[in-house]
Amino acid sequence: MRAMRAAPLGGHARVPGDKSISHRAFLFGGLASGRTRVTGLLEGEDVLATGRAMRQMGARIERDGEAWIVEGTGNGCLLEPDAPLDFGNAGTGVRLTMGLVGPYDFGATFVGDASLSRRPMGRVLDPLRMMGVQVAARTGDRLPLSIRGPRAAAPIEYRVPMASAQVKSAVLLAGLNTPGVTTVIEPVMTRDHTEKMLEGFGAVVEVATDAAGVRTIRLEGQGALKGVPDFVVPGDPSSAAFLVVAGLLVPGSDIVVENVLMNPTRTGLLLTLEEMGASIERLNPRQSGGEDVADLRVRHSALKGVDVPAERAPSMIDEYPVLAIAAAFAEGRTLMRGLDELRVKESDRLAAVAAGLKVNGVAHEEGEDWLSVEGRPDGKGLGGGMVATHLDHRIAMSFLVLGLAAEKPVAVDDARMIATSFPEFTRLMEALGARFEAVAERAA
Ligand code: S3P
């Protein structure tokens with residue numbers, strides 16, 4: 001797909017449901033006893049894969065008009081899947097589900113696409129092994145792999161060694177079917193959807209934060225979970241990010257992005273863009289599904305380069321690719337630090353972003369865990385490249401946004417995987433005035 005310089009973007013767009021929360025709605029609804037009705041769910045391929053896996057283990061999940069009706073098994077009552085659980089491209093789906101089924105005294109096999117099969121699973125398997133889970137993997141803690149739980153899992157106290165909500169969540173979910181109290185220590189706060197939502201489904205979870213900001217999360221195992229009659233998924237700030245940055249970069253733009261989750265563990269990009277001089281107004285702040293949401297009015301803005309502190313990374317971890325695009329149009333240099341986790345996303349995102357900037361004439365430097373970008377506010381000379389996306393939806397969407405503001409069009413080698421997280425992306429962007437065109441079909 002190719003993106004071309006656009007006339008001013010205008011109008012309103014409503015982003016789809018949050019991916020993190022949508023996965024958890026299927027997981028927790030599928031586990032809890034009784035019925036959960038979910039609205040606003042992201043119907044992306046990643047989330048649907050999690051839904052299929054929960055069905056394979058006994059949950060009933062059906063679409064009913066705008067809503068999804070989930071009838072769970074009851075905590076501790078998942079059934080052994082009779083076929084491998086296929087998570088496609090979905091890291092969150094596979095890692096959280098491994099945690100959830102780890103302590104069950106049955107076998108489960110996990111498979112995924114080429115991108116997921118390259119990603120490290122040891123970060124989840126290590127704590128599961130401490131709880132008594134056996135792992136059989138052909139290639140060092142990568143998919144495809146099988147796990148089998150012990151007769152009774154042992155509760156652990158686990159200090160998460162990297163800033164990862166997926167690892168924190170996997171250990172807590174393993175704790176659900178483990179006798180006693182499972183404790184997770186989180187030195188750096190990451191998105192807190194698991195803790196918050198589990199509480200809503202009736203789990204006994206306690207969170208204590210010390211003076212240094214270190215969080216200790218205790219979960220009582222083997223408690224009853226109950227379906228939530230009306231669960232609302234707020235809009236995904238990580239999807240909104242592409243629209244927001246497009247609105248800032250395309251001259252003359254004035255758009256409103258509606259229903260965006262404002263949970264502070266997810267708003268690092270907005271803060272950074274505001275520091276760069278972005279005009280982003282938070283309209284109509286309200287509560288939805290127990291979370292703060294707002295509509296964002298975004299106007300084309302002159303941006304300036306900033307230093308993004310490493311501590312901010314967990315609250316904007318999925319947004320660095322599109323921030324790099326914003327930085328390409330900022331006056332001066334933007335320095336992003338603390339990016340080590342970007343190396344193990346759907347692609348090595350640091351390398352993929354650097355390579356994409358290179359073929360599109362954006363001056364930059366790449367370090368082991370940092371990236372600096374030298375901007376070109378008028379976009380002169382930028383674009384003209386074909387970007388290798390490596391099965392990574394966020395690389396594809398970020399560089400399409402670059403094409404909307406660069407002097408020359410920007411092409412991405414594959415746009416199909418955008419459907420994993422944001423199937424409506426091109427339609428919503430085109431409704432705002434973006435210009436995309438399909439390039440020739442890729443050779444099989
Ligand atoms: C997610 C956690 C993050 C994030 C991913 C979703 C989650 O991954 O990148 O898109 O829903 O818990 P890590 O835990 O690997 O940082």
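Take the sequence shown: its letter number 48 is residue 48 in UniProt numbering, and every next letter is one higher. For every residue, glycine included, the Cβ atom is placed at its ideal position computed from N, Cα and C.
Proximity below 8 angstroms, CB of S117 to CB of R142: yes
Close-in-space but distant-in-sequence residues of the same chain around H393 (CB under 6 angstroms, 5 per side omitted): M417, I418, T420 and S421
Close beta carbons around A294, own chain, < 8 angstroms, minus the five adjacent residues each side: V260, M262, R282, L283, N284, P285 and R286
Distance cut-off 7 angstroms: A330 Cβ against heavy atoms of ligand 3: The model depicted lacks ligand 3 and carries ligand 1 instead.
DSSP bridge partner residues for G17 (one or two, in chain order): G235
T97: CB within 7 angstroms of a non-hydrogen atom of ligand 1: no
Proximity test, E341 beta-carbon vs ligand 1 heavy atom, cut-off 7 angstroms: yes
Euclidean distance between Cα positions of V439 and G44: 23 angstroms
First and last residue of the uninterrupted alpha helix (DSSP H) at L143: It is not in any alpha helix (DSSP H) - L143 carries neither H nor E in the DSSP assignment.
Alpha helix (DSSP H) segment containing T50, residue limits: E45 to Q56
Coil, strand or helix - L400 by DSSP: helix
Heavy atom of ligand 1 within 7 angstroms of S315 beta-carbon: no
V167: CB within 7 angstroms of a non-hydrogen atom of ligand 1: yes
Cβ-Cβ separation, L85 to A53 (assumed contact under 8 angstroms), whole Å: 4 angstroms
Whether A174 touches G76 by CB criterion (8 angstroms): no
Exposed unless 16 or more other CB atoms sit within 10 angstroms - verdict on A313: buried
Under the three-state DSSP convention, the category I156 falls into: coil
Under 8 angstroms between C-beta atoms of G107 and G132: no
Any non-hydrogen atom of ligand 1 closer than 7 angstroms to K408 Cβ: no
Contact test: H393 Cβ vs ligand 1 heavy atom, cutoff 7 angstroms: no
Cβ neighbour criterion (16 or more within 10 Å) applied to E206: exposed
Cβ-based neighbour list, T109, same chain, cut-off 6 angstroms, excluding 5 preceding and 5 following: P84 and S146
For L350 and V204, the rounded distance between their alpha carbons: 38 angstroms
D340 in three-state terms, based on DSSP: helix
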